[in-house]
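Enquirer: Sequential numbering from 66 applies to the sequence shown in our numbering.
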Amino acid sequence: MNTNTGTEIKALEERAEMLLEAGMLDEAAFVIQAIEELRRTPLELRTYKRAPKREVA
Numbered sequence: 066m067n068t069n070t071g072t073e074i075k076a077l078e079e080r081a082e083m084l085l086e087a088g089m090l091d092e093a094a095f096v097i098q099a100i101e102e103l104r105r106t107p108l109e110l111r112t113y114k115r116a117p118k119r120e121v122a
């Protein structure tokens, strides 16, 4: 796990904790599921909304 992923997971864990304390269980469950996806999915397979890389000739 790289540093960015670790930082992202930590931020999501804090968010999930706040949601649980506020009684927002559905929202917390969604965030916890996102955390699990980050832990399972290799960085190369994650998709982000970025423009595809172009090859330079």
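Using N, Cα and C, we set each Cβ at its ideal position, and we do this for glycine too.
Report the start-end ranges of each alpha helix (DSSP H) in the region 87-111 that is 4 residues or longer and not cut off at the edges.
Expert: Runs of the alpha helix (DSSP H) inside the region 87-111: 90-105.
Enquirer: Going by Cα to Cα distance, which pick from V121, T106, I100 and E120 is closest to E73?
Expert: The candidate whose alpha carbon is nearest that of E73 is I100.
Enquirer: Return yes when the Cβ of L85 is within less than 8 Å of the Cβ of A93, no when it is not.
Expert: Judged by their CB atoms, A93 and L85 are nearer to each other than the 8 Å cut-off.
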